[in-house]
DNA sequence: CGATACCTGAGT
DNA sequence: ACTCAGGTATCG
Ligand SMILES: [Zn+2]
């Protein structure tokens, strides 16, 4: 469910509820969310700690927990995978955990709760000491934290023979893009998903960098894309779905030119593309013109 | 590299 | 009964 704009939205919506609060209680009724780690160790690593801030890298969300007594700072690391949800339940609001899908929650000072819900059970919670945080996060460049431009993309992608679509999904090159925004960025850049990384020239790389930055910024402004499960930290839906130009639109008109969108399978994922805006392989192409949602 | 496994639910 | 879904770790 969540790619960079969704995870960043969850981060932003949780900040006002969590920062400065202390974790009082930790409940993990379904230990699978810890990926084999001990619920008792998890609870004792978190209990009593003050949440100093929330950060994000790629699709990972991190709660920064301040040093407690003599301890070192610790980080609660969350990955929502496909259907995970983190939500804040305010003090006094009814809290009714779904016995099947609410896998963990924390009671906070002030009476609120942070809950983790996940239908498909791919999502994970973990904790690491400060020294190990970087190693727990994706190594690729985060296009929002660090920016991307044409030269960076040429360096990262320009020597590889794999299809651009596969490369954009690799979190060790760029982190944060998933299937929705990889498809949308390629469409905005006028690049076919099967175009090789090495097929990029300077102009195409500039265009792709602008497309990535643009689609992420726009999606963020609408609090991300809710197709099914994704919700912000306040339980709201993201509103960017109506602006998607090709993702999920196979057989429907491209939102830039009206040509029917086609679908391909690349690296096990569906790639939606417009045959007119993104003509066959090869490199550079002029970007399609943006159009309002219909 | 791509394919497969991990899970559940929704839709056909 | 079968296909598909926002992701990624692990396999060959
Ligand atoms: Zn088009």
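Numbering (our numbering), first residue to last: 20 to 313. C-beta: ideal position from N, C-alpha, C; glycine also. All figures in this text were calculated on a predicted structure; none of them were measured in a lab.
| Item | Value |
| --- | --- |
| For residue 299 versus residue 206, is the C-beta distance shorter than 8 Å? | no |
| I'd like to confirm something about residue 214: is its beta-carbon nearer than 7 Å to some heavy atom of ligand 1, or not? | no |
| Where does the unbroken beta strand (DSSP E) through residue 241 begin, and where does it stop? | That residue, residue 241, is in no beta strand (DSSP E); it is neither H nor E in DSSP. |
| With DSSP as the reference, please indicate the residues paired to residue 145 in a beta bridge. | 96 |
| Taking the alpha carbon of residue 107 as the point to measure from, which residue in 267, 151, 167 and 32 has its own alpha carbon closest? | 32 |
| With a CB to CB cut of under 6 Å and the five nearest residues on each side skipped, what residues in its chain are close to residue 90? | none |
| For residue 75 versus residue 27, is the C-beta distance shorter than 8 Å? | yes |
| Hey, quick one: how far does the alpha helix (DSSP H) through residue 28 stretch, first residue to last? | 23-37 |
| For ligand 1, is there any heavy atom lying closer than 7 Å to the beta carbon of residue 275? | yes |
| Around the Cβ of residue 57, are there at least 16 other Cβ atoms within 10 angstroms (buried) or fewer (exposed)? | exposed |
| Alpha carbon to alpha carbon, how far is residue 281 from residue 204? Give it in angstroms, no decimals. | 16 Å |
| Put residue 286 into one of helix, strand or coil per three-state DSSP. | coil |
| Can at least three beta-carbon pairs, one atom from the region 29-47 and one from the region 258-272, be found at a separation below 8 Å? | no |
| At 4 residues or longer, what runs of the alpha helix (DSSP H) sit wholly inside the region 44-114? | 58-65 |
| Does ligand 1 have a heavy atom nearer than 7 Å to the CB of residue 207? | no |
| Please indicate yes or no: does the CB of residue 268 lie closer than 7 Å to some heavy atom of ligand 1? | no |
| Give me the Cα-Cα distance between residue 54 and residue 156, rounded to the nearest whole angstrom. | 16 Å |
| How would you label residue 178, buried or exposed, when you count the other beta carbons within 10 angstroms and need 16 or more for buried? | exposed |
| What three-state label does DSSP hand residue 281 in the structure shown? | strand |
| Determine, using beta carbons only, whether residue 200 and residue 150 come nearer to each other than 8 Å. | no |
| Taking the alpha-carbon positions, what's the residue 181 to residue 209 distance? | 18 Å |
| Quick one: what's got a C-beta closer than 7 Å to residue 305's C-beta in the same chain, skipping five residues either side? | Confidence is the limiting factor: at residue 305 the pLDDT is only 41, short of 50, which leaves the residue's position unreliable, though a coordinate-based value still follows. Once the five neighbours on either side are set aside, the close Cβ partners of residue 305 are 209. |
| Give the secondary structure of residue 137 by DSSP, where H, G and I count as helix, E and B as strand, and everything else as coil. | strand |
| Just confirm the distance between the C-beta atoms of residue 188 and residue 196, as a whole number of angstroms; I'd bet it's less than 8 Å. | 7 Å |
| Assign residue 111 to one of two classes, buried (16 or more other C-beta atoms within 10 Å of its C-beta) or exposed (fewer than that). | exposed |
| DSSP on residue 126, reduced to helix/strand/coil? | strand |
| So does residue 139 have its beta carbon nearer than 7 Å to some heavy atom of ligand 1? | no |
| What does the alpha-carbon distance come out to for the pair residue 126 and residue 98? | 20 Å |
| Just reading off the alpha helix (DSSP H) that residue 206 is part of, what are its end residues? | 198-208 |
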